[in-house]
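For the protein sequence lines, the chains are A and B, in the order given.
Counted the way our numbering counts, the first sequence spans residues 29 to 186.
Counted the way our numbering counts, the second sequence spans residues 16 to 117.
Every residue, glycine too, gets a C-beta built ideally from N, C-alpha and C.
Working notes, beginning with the structure itself.
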Amino acid sequence: MGNTKVRKMLFILSKATIENVYAAFIMANGARMEGIESEIFFTFFGLEAIQKKKLEHLHVATVGNPAMHIPTMLGGLPGMEALATKMMKSEMEKLDMPPVSEFLEILSDSGCKLWACKLAVEMFHLEEKDLIDDLDGILTIGDFYNRADQENTHLLFI
Amino acid sequence: MEKTYLQSIIQINEEGYLTDFTQWTKEIGAEIAKEQGIEMTDKHWEVIDYIHDKYKNEEALSIRGIKKSGVINIKEFYELFPGGPLKKATLIAGIPKPKSCI
């Protein structure tokens, strides 16, 4: 156990764009590295990050993202998302940031709990076999709140 | 700042990290570990050796590096150095706290 006042960080990941997925992963991993407990609840599009077939194919959003500094019309052209994603992934590799599958392994080995949202799993007609082996389980939001029901716990929606 | 370990005066920063690695000895490392509630074993020292190698080669430490180290896996690393393994291990190893976010 660390000596931090914050004891536990719970993240709800609802999006599948690379920047959001990595934000959740880096913060969840960073918490463990500081001796803080951490868990991630994957819901809605966030579920893409724990689907075996999809997790290595996440993209940067080039449309509706003013930080891309390109006209929205251009961002919508075929290949733009793939190009922007490739560029971002190469920058991330330079910083020794692991790809999604390896990052999930690191998180699981570090003791970060990984949960899928029951309602979203049903909505997208997913089965357990579609999801990563390291998943700790499928929870309702009520189950997840129970896990948050401790002193010095923070919840963060991404 | 200064702190006395085993009758030697050691230079440390406000977080307790040694500021001069040349002052580090294995015995001092074991004393720092004790303060953190860690009793050093051969496996602990293997990890410290790995960290020293990285430090001497000026390679950054990261949890991904630990995974690839071949010395220890991440689960064991967390078990050996509970409560922030890289922070604790570098403290015991007498080198600066890693600055990486991953």
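Can you list, in chain order, the residues of its chain whose CB lies under 6 Å from that of residue i, leaving out five sequence neighbours each side?
{"i": "S77(B)", "result": "S115, I117"}
{"i": "K82(B)", "result": "I89"}
{"i": "I24(B)", "result": "E17"}
{"i": "F172(A)", "result": "F69"}
{"i": "M29(A)", "result": "Reliability fails at M29(A), whose pLDDT of 49 lies under 50, so the model's placement of it is uncertain and no value is given."}
{"i": "G92(A)", "result": "none"}
{"i": "L38(A)", "result": "E67, A176, L183"}
{"i": "Y20(B)", "result": "I43, E46"}
{"i": "K103(B)", "result": "Q51, F96"}
{"i": "K69(B)", "result": "L76"}
{"i": "A148(A)", "result": "T71, F72, L75"}
Quick one: does residue i have its CB under 8 Å from some CB of chain B?
{"i": "M116(A)", "result": "no"}
{"i": "K137(A)", "result": "Per the sequence shown, residue 137(A) should be read as Asp rather than Lys. Yes, D137(A) lies at the interface with chain B (some Cβ there is under 8 Å from its Cβ)."}
{"i": "M29(A)", "result": "Residue placement at M29(A) is poorly supported in this model, since its pLDDT is 49, which falls under 50; the coordinates are not used for a value here."}
For chain A, check one thing: does any of its Cβ atoms lie closer than 8 Å to the Cβ of residue i?
{"i": "S77(B)", "result": "yes"}
{"i": "K82(B)", "result": "yes"}
{"i": "I66(B)", "result": "no"}
{"i": "C116(B)", "result": "yes"}
Can you find the residues in the same chain that come closer than 7 Å, C-beta to C-beta, to residue i, ignoring five residues on each side of it along the sequence?
{"i": "K146(A)", "result": "I166, L167, T168"}
{"i": "F131(A)", "result": "F53"}
{"i": "S129(A)", "result": "L83, E84"}
{"i": "L135(A)", "result": "F53, A56, N57, L142"}
{"i": "G104(A)", "result": "V91"}
State the DSSP-derived secondary structure class of residue i, mapped to helix, strand or coil.
{"i": "M125(A)", "result": "coil"}
{"i": "M29(A)", "result": "Model confidence at M29(A) stands at a pLDDT of 49, short of 50, so the residue's coordinates are unreliable and nothing is read from them."}
{"i": "I160(A)", "result": "coil"}
{"i": "E67(A)", "result": "strand"}
{"i": "L75(A)", "result": "helix"}
{"i": "W39(B)", "result": "coil"}
{"i": "S138(A)", "result": "coil"}
{"i": "Y65(B)", "result": "helix"}
{"i": "F39(A)", "result": "strand"}
{"i": "I33(B)", "result": "In the sequence under discussion, the amino acid at residue 33(B) is Leu, which differs from the Ile named in the question. The answer is strand: DSSP assigns L33(B) an E or B state."}
{"i": "I117(B)", "result": "coil"}
{"i": "I46(A)", "result": "helix"}
{"i": "G52(B)", "result": "coil"}
{"i": "H182(A)", "result": "strand"}
{"i": "D171(A)", "result": "helix"}
{"i": "A51(A)", "result": "helix"}
Which residues in the same chain have their Cβ closer than 8 Å to the Cβ of residue i, if we skip the five residues on either side of it in sequence?
{"i": "L41(A)", "result": "N48, V49, A52, I68, F69, F70, T71, G74, A77, I186"}
{"i": "N28(B)", "result": "M16, T34"}
{"i": "K43(A)", "result": "V49, F72, F73, G74, I186"}
{"i": "R79(B)", "result": "I117"}
{"i": "F36(B)", "result": "Y70, G109, I110"}
Using a Cβ-Cβ cutoff of 7 Å, what residues of the region 86–101 of chain B are near chain A? List them in chain order. N88, I89, K90, Y93, P97, G98, G99, L101
Could you please tell me which residues of the region 47–68 of chain A, in chain order, have their CB closer than 7 Å to any CB of chain B? I54, N57, G58, M61, E62, G63
Near-chain B residues of the region 151–185 of chain A - C-beta to any C-beta below 9 Å: none
By the 7 Å beta-carbon criterion, what residues does the region 122–137 of chain A contribute toward chain B? D124, M125, P126, I134, D137
For the region 35–66 of chain B, which residues have a CB atom closer than 7 Å to at least one CB atom of chain A, in sequence order? none
Report the residue ranges of all alpha helix (DSSP H) runs contained in full by the region 68–110 of chain B; include only those spanning at least 4 residues, in chain order. 78–83, 89–95, 100–108
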